[in-house]
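Just so you know, we're using full-length UniProt numbering here: the sequence shown kicks off at 1 and counts up by one.
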Amino acid sequence: METKLLERAIQGDVESFEQLIKKYNRYAYNIAYRMMGNEEDAKDMSQEALIKAYKNIKKFKMESSFSTWLYRIVINTCKDELRKRKETAYSLDETFGEDNRLKHEISDEKSDPILVYEKAELKANIESALNRLSDDGKSVVVLKDILGYSYDEIGEILQIPIGTVRSRLNRSRIALKEILRVQIAES
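As structure tokens, then:
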């Protein structure tokens with residue numbers, strides 16, 4: 001079914017493209033949300049990425065899955081915007097949604113204000129540390145550790161070899177650990 005939609009979309013059938021987008025729109029938004037850190041920017045970036053995908057659908061070679069191609073566009077659109085701003089706006093408060101374990105753990109512990117405060121402080125430290133990573137490092141951490149993509153999927157989305165995914169993730173995790181260590185020591 002998806003292959004036929006893709007073939008028709010590549011031929012210029014707008015309805016087929018819209019049907020494809022319906023399936024992946026939420027995922028595109030989620031990636032943009034985690035990269036940009038807020039709802040408005042995520043809406044703007046996912047919309048911009050979908051427009052780019054529509055304009056470039058004829059260039060899609062069907063060598064990878066449509067979702068991989070689309071997610072690559074979303075990530076690159078976000079990275080371009082973040083580079084333009086020279087700052088990253090990333091919020092773990094918004095990243096951990098209703099279905100995430102950390103959010104539930106915090107709500108379960110509301111009866112203990114010390115635990116709530118400690119969790120909030122930890123999230124703020126992690127947010128600050130993530131903001132200090134390079135865009136490439138942040139992309140890999142978001143895709144792997146927050147969104148749960150496999151190394152293969154990340155490699156396809158970012159168009160990098162799996163070895164590069166692993167090394168970027170390893171370097172980024174080491175950097176996060178060091179940044180957090182320094183932040184905790186300073187507080």
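The beta-carbon is built from N, C-alpha and C at its ideal position, and this holds for glycine as well. Nothing here was measured: the structure is a model prediction, and the numbers come from that model.
{"query": "List the whole-angstrom C-beta distance separating A129 from L176, where the pair is believed to meet the contact cut-off of C-beta under 8 Å.", "result": "5 Å"}
{"query": "With DSSP as the reference, label D13 as helix, strand or coil.", "result": "coil"}
{"query": "Taking the beta carbon of M36 as the centre, do at least 16 other beta carbons fall within 10 Å, making it buried, or is it exposed?", "result": "buried"}
{"query": "Do I146 and R34 have their beta-carbon atoms positioned less than 7 Å apart in this structure?", "result": "yes"}
{"query": "Let me know the secondary structure DSSP gives Q47 once reduced to three states.", "result": "helix"}
{"query": "Would you mind reading off the limits of the alpha helix (DSSP H) that contains D80?", "result": "F66 to R85"}
{"query": "Closest by CA to I184, which one among S67, K43 and K123?", "result": "K123"}
{"query": "If we count Cβ pairs, one from each stretch, closer than 8 Å, do we get three or more for the stretch 36-45 versus the stretch 56-73?", "result": "no"}
{"query": "If you run the structure through DSSP and keep just helix, strand and coil, what is E63?", "result": "coil"}
{"query": "Please look up how many angstroms separate the CB atoms of R168 and G137, rounded, as I've assumed it's under 8 Å.", "result": "6 Å"}
{"query": "Smallest Cα separation from I160: which of N170, E186, R72 and E178?", "result": "R72"}
{"query": "Nearest to N125 by alpha carbon, out of K79, W69, L143 and I179?", "result": "I179"}
{"query": "Quick one: grab the DSSP three-state call for N56.", "result": "helix"}
{"query": "From the DSSP output, in three-state form, read off Y112 for me.", "result": "The residue you asked about is not Tyr; residue 112 is Asp in the sequence shown. Three-state result, D112: coil."}
{"query": "Where W69 and I157 are concerned, what is the direct C-alpha to C-alpha distance, given to the nearest angstrom?", "result": "7 Å"}
{"query": "Can you find a CB in chain B that lies within less than 7 Å of the CB of G155?", "result": "As a matter of chain content, chain B is missing from the structure shown, which is built from one protein chain."}
{"query": "Residues in its own chain within less than 6 Å of K52 by CB, not counting five upstream and five downstream?", "result": "I73"}
{"query": "Can you check whether the CB of I21 is closer than 7 Å to the CB of L50?", "result": "yes"}
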